[in-house]
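Numbering (our numbering), first residue to last: 185 to 311.
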């Protein structure tokens, strides 16, 4: 278990270093979106690599302009990571976990992702 955590930590540090100092716009070793390449339309994940680069360099406006959904989902994802890895379980934490990650919430999030997918491909939307 300790080895897995150490491996995860070093991989995370490696990717943070890469994304902080190398812009996905300037270097071709970053993967390109296959959906965008095939269809010409942006998927919900398009711009995520650029947004991460901008976030790591504290360029929040640029990050939001690249992928609004990713930027606003980070607190939600961090909350989920915290709730999944906390050793202490109280009734209040269990309630919060069910509220934030229950079946209804997942359907709402799926609806938001699909709506974002459609809206970001209209010409008036720069997201």
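Cβ coordinates follow ideal geometry from the N, Cα and C atoms, glycine included. As the structure is a prediction and not an experimental result, all values here were calculated from the model.
Pairing residue 284 with residue 266, the inter-Cα distance amounts to about 12 Å. Per DSSP, the unbroken alpha helix (DSSP H) holding residue 264 starts and ends at 252-269. When Cβ pairs closer than 8 Å are counted between the two stretches, the region 212-219 is seen not to touch the region 291-310, the count staying below three. Comparing C-alpha distances from residue 302 to each of 194, 185, 225, 234 shows the shortest one belongs to 225. With the rule of 3 Cβ pairs closer than 8 Å, the region 192-207 counts as touching the region 229-242. Scanning 227, 263, 272, 275 for the CA closest to the CA of residue 252 turns up 227. Collapsing the DSSP output to three states places residue 206 in coil. Residue state for residue 201 is assigned as helix, using DSSP reduced to three classes. Here the alpha carbon of residue 190 sits roughly 21 Å from the alpha carbon of residue 264.
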